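Colleague: A single structure is presented below for examination.
Residue numbers (the working numbering), protein chains in the order written: chain A, 1 to 362; chain B, 1001 to 1362.
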């Protein structure tokens, strides 16, 4: 693990770079904005820890009433449980003997849920002897994992109810692509489609006499649409930090507005007349969903990233040695590059939070 | 640090996934191919550790006669020195009081070089009191860091020779973009341009009575061109592992052919009639330079990556639970996602090498 880039009490401009900065005021405002948007609703909040990968962030979400967290990976769930989280849904299929063995071990320490979309995988989970909540993952339009609503899916639910150790907890219905559709109209159409899949599946389960306790899913770009369509639990992740990609979404009712809370602090390491080069390239801010932007420096653009360098162009370029904040293009894989959050309030480092699930791909 | 995904002696198909696999036979063949291509040449080899981030890899390069390694970051250099490497060139500008302080501390433990392109930065290095080899970084066509050949650059060299602690070690002349130009003709033209910059600068230095001990630079896509143009030292990185992006280069004389030695082992975690989903997305194989490819599975294509999922389409799709090897699009940022190399020979895990400079952005 790399040393922390900051010390408690330092001014922001004393922090070494590149550093992953969390603006605590903005982060807390985002937690409050979520609460406010859900006021008076019965929906459960289960934030996605795949985004922040830190029990410290999770604890603050749990303190606001979240029922637990989601993870995408068993090793991520291990880091959350290790950090004190007692309720984790692995919102993904867990395939392979080693992973199932570890999931079973984890289920002895915490309340664990998992998704399935295949009968043989379900048998392997049951044979592990683990006490698990099982959700059937529905394909709801993103064409990734999940099973179409229909007789085969009902059979899968029946198979769960017939096991000794597993509990049928409901449906996983997550439309990931919908989160990044730019207009509210497109997102509405996508979630309406997903809701039809869910309704059809619930109808088939009811007909088969199987109760569906919970429909879980929904991300930061659409969750109010799922809430209005009757989902019981939402899995929002990016709302807490935001990024350039999410900010490109049309901000319109019923979605609240979230603030940028996550930044990469960078230093200008070389200057020429027409460009400034910063020390934060694609190993410091993931470029899979686009380049970072420069925070509160109108006229200055981040125009290109190589592994360890970023190129700025524009007017009033920063001078050599100057530090500036970048807004990452995509928060999840950017967080995954760092071992520490440098938590800042009022221009000072207030805390250092370890990102203990960084690199937890297993 | 995340647990290793494998145990010594395991068969490849027993390794947990996603895992970063290093094929030791292919890796060693690449080291040999480099040696062979340079047989009879006087050039020094200083492999770039920004690519592999592991002293274990560096040691094997040093055992073949490398004079030391390059790094892009002070924290990377710290990890190399910590791992036993005694000669490191930070082939980059080091700007900011904290970084210079740490560089100075490192220079007490090992032979350290650094690049400069600015007079005030040079003064700060001198004031640190560190004994450092200083290279002036020339802008040679990539329009990133570096100073144009000319009077200002000569003044910078003079400034170095006038210091008490710093030694003028020569010129850094690296054309990064040239490495990824697809035709040999384009790469030849780019390196010819860089060579003209170097020749002009050497002429000006000579005129000013300043000896230029070493011209260093050159990457895996072009290094034989720089060797033929008279560079004294090469900084090859990717040759040791290769990736999809490098393999797209036209393979023609004078460049040798390198083999794919680096892979990501993935498991099929969901199957539908028209697709297989693997557990390796963009947090397991960096997509900045394109998607990974599927190794030795003709007809099967990796067509899309989300954070933790990859989508395969094509004929004869692998079955649920099957493991397969992916070739990363870009080796450097992919390595930077992992804590361990799972080193494999003859289908068995022979070694686990820690990637101790993983995440070393400071």
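The beta carbon of each residue, even a glycine, is placed where N, CA and C say it ideally should be. As the structure is a prediction and not an experimental result, all values here were calculated from the model.
For the region 1097-1111 of chain B, enumerate the residues whose C-beta is nearer than 8 angstroms to any C-beta of chain A, in chain order.
Modeller: Those would be 1098 and 1099, in chain order.
Colleague: If we count Cβ pairs, one from each stretch, closer than 8 angstroms, do we get three or more for the region 60-76 of chain A versus the region 205-215 of chain A?
Modeller: Segments in contact, no.
Colleague: Out of B/1008, B/1067, B/1053 and B/1066, which one is the CA nearest neighbour of residue 977 of chain B?
Modeller: Shown here, chain B extends from 1001 to 1362; a query on residue 977 of chain B therefore has no answer.
Colleague: Do three or more CB pairs link the region 248-258 of chain A to the region 1038-1049 of chain B at distances below 8 angstroms?
Modeller: Result no; under three Cβ-Cβ pairs closer than 8 angstroms.
Colleague: Return helix, strand or coil for residue 71 of chain A, following the three-state DSSP convention.
Modeller: Strand.
Colleague: Is residue 166 of chain A helix, strand or coil by DSSP?
Modeller: It is a strand residue.
Colleague: Just mark residue 1243 of chain B as buried or exposed, buried being the case when its beta carbon has 16 or more other beta carbons within 10 Å.
Modeller: Buried is the call here.
Colleague: If you measure from the beta carbon of residue 1046 of chain B to each beta carbon in chain A, is any gap under 8 angstroms?
Modeller: Not one chain A Cβ lies under 8 angstroms of residue 1046 of chain B.
Colleague: Does the beta-carbon of residue 236 of chain A have 16 or more other beta-carbons within 10 angstroms, so that it is buried, or is it exposed?
Modeller: Its Cβ being crowded by 16 or more others within 10 Å, residue 236 of chain A is buried.
Colleague: Decide if residue 1171 of chain B is buried, meaning its Cβ has at least 16 other Cβ atoms within 10 Å, or exposed.
Modeller: Burial call: buried.
Colleague: Just the Cα atoms here: how many angstroms apart are residue 50 of chain A and residue 25 of chain A?
Modeller: Near 22 angstroms, if we compare the C-alpha coordinates of residue 25 of chain A and residue 50 of chain A.
Colleague: Can you give me the C-alpha to C-alpha distance between residue 282 of chain A and residue 1110 of chain B, rounded to a whole angstrom?
Modeller: Using only the alpha carbons, I get a separation of about 29 angstroms.
Colleague: Nearest-angstrom Cα distance between residue 1103 of chain B and residue 1254 of chain B?
Modeller: Residue 1103 of chain B and residue 1254 of chain B: Cα-Cα distance of roughly 37 angstroms.
Colleague: Scan the region 1126-1144 of chain B for residues whose Cβ lies nearer than 9 angstroms to a Cβ of chain A and list them as they occur along the chain.
Modeller: Flagged, chain order: 1137, 1139, 1142, 1143 and 1144.
Colleague: Between the alpha carbons of residue 1165 of chain B and residue 1157 of chain B, how many angstroms are there, rounded?
Modeller: Going from the Cα of residue 1165 of chain B to the Cα of residue 1157 of chain B covers about 14 angstroms.
Colleague: List in chain order: all unbroken beta strand (DSSP E) runs of 3+ residues lying wholly within the region 1270-1340 of chain B.
Modeller: Those beta strand (DSSP E) runs which fall completely within the region 1270-1340 of chain B and span 3+ residues are 1275-1278, 1300-1305, 1310-1314 and 1323-1327.
Colleague: Can you list, in chain order, the residues of its chain with a C-beta nearer than 7 angstroms to that of residue 191 of chain A? Leave out the 5 residues immediately preceding and following it.
Modeller: These residues qualify, in order along the chain: 175, 178, 222, 225, 226 and 229.
Colleague: With distances taken from CA atoms, which of B/1135, B/1146 and B/1159 is nearest residue 1123 of chain B?
Modeller: Among B/1135, B/1146 and B/1159, the Cα nearest to that of residue 1123 of chain B belongs to B/1159.
Colleague: Output, in chain order, the set of chain B residues within a Cβ distance shorter than 9 angstroms of residue 275 of chain A.
Modeller: Ordered by position in chain B, the residues that pass the 9 angstroms Cβ test against residue 275 of chain A are 1143 and 1144.
Colleague: What is the DSSP secondary structure of residue 1084 of chain B, reduced to helix, strand or coil?
Modeller: Residue 1084 of chain B: coil per DSSP, three-state reduction.
Colleague: Which residue wins for smallest C-alpha separation from residue 1148 of chain B, given the options A/91, A/272, A/199 and A/95?
Modeller: Ranking A/91, A/272, A/199 and A/95 by Cα distance to residue 1148 of chain B puts A/272 first.
Colleague: Using a beta-carbon distance cut-off of less than 9 angstroms, what residues from the region 316-339 of chain A approach chain B?
Modeller: Result list: 320, 321, 323, 330, 332, 333, 336, 337, 338 and 339.
Colleague: Is it buried or exposed for residue 86 of chain A, if we count other Cβ within 10 angstroms and need 16 for buried?
Modeller: Burial call: exposed.
Colleague: Say whether the region 331-348 of chain A touches the region 311-318 of chain A, bearing in mind that this needs 3 or more beta-carbon pairs closer than 8 angstroms, one atom from each stretch.
Modeller: Judged by Cβ distances under 8 angstroms, the region 331-348 of chain A makes no contact with the region 311-318 of chain A, as fewer than three pairs qualify.
Colleague: Between the region 30-59 of chain A and chain B, which residues of the former have CB atoms less than 7 angstroms from a CB of the latter, in chain order?
Modeller: Of all residues in the region 30-59 of chain A, 50 have a Cβ within less than 7 angstroms of some Cβ in chain B.
Colleague: Quick check: is the beta carbon of residue 75 of chain A nearer than 8 angstroms to any beta carbon in chain B?
Modeller: Yes, residue 75 of chain A counts as interfacial toward chain B.
Colleague: Between the C-alpha atoms of residue 77 of chain A and residue 1291 of chain B, what's the straight-line distance to the nearest angstrom?
Modeller: Whole-angstrom Cα-Cα distance: 27 angstroms.
Colleague: Assuming residue 1146 of chain B and residue 1118 of chain B form a contact by the criterion Cβ under 8 angstroms, report the distance between their Cβ atoms to the nearest whole angstrom.
Modeller: Actually they do not touch by this definition, with Cβ atoms about 10 angstroms apart.
Colleague: Closest Cβ-Cβ distance between residue 1018 of chain B and chain A: below 8 angstroms?
Modeller: Chain A, which has a Cβ nearer than 8 angstroms to the Cβ of residue 1018 of chain B, makes this yes.
Colleague: Am I right that residue 280 of chain A and residue 17 of chain A are in contact with their C-beta atoms under 8 angstroms? What's the rounded C-beta distance?
Modeller: Yes, residue 280 of chain A and residue 17 of chain A are in contact; Cβ-Cβ is about 7 angstroms, under 8 angstroms.
Colleague: Spell out the partners DSSP gives residue 1353 of chain B in its beta bridges.
Modeller: DSSP lists B/1341 as partners of residue 1353 of chain B.
Colleague: Can you tell me which of B/1286, B/1274 and B/1275 puts its alpha carbon nearest to the alpha carbon of residue 1263 of chain B?
Modeller: Residue 1263 of chain B has its Cα closest to that of B/1286, out of B/1286, B/1274 and B/1275.
Colleague: In whole angstroms, what separates the C-alpha of residue 181 of chain A from that of residue 173 of chain A?
Modeller: Taking the straight line from one Cα to the other gives about 17 angstroms.
Colleague: Quick check on DSSP: helix, strand or coil for residue 135 of chain A?
Modeller: Residue state, collapsed to three classes: strand.
Colleague: Based on Cα-Cα distance, which residue from B/1307, B/1028, B/1008 and B/1002 lies nearest to residue 1260 of chain B?
Modeller: It is B/1028.
Colleague: Give the DSSP-derived three-state secondary structure of residue 1090 of chain B in the structure shown.
Modeller: Note: residue 1090 of chain B maps to strand in three-state DSSP.
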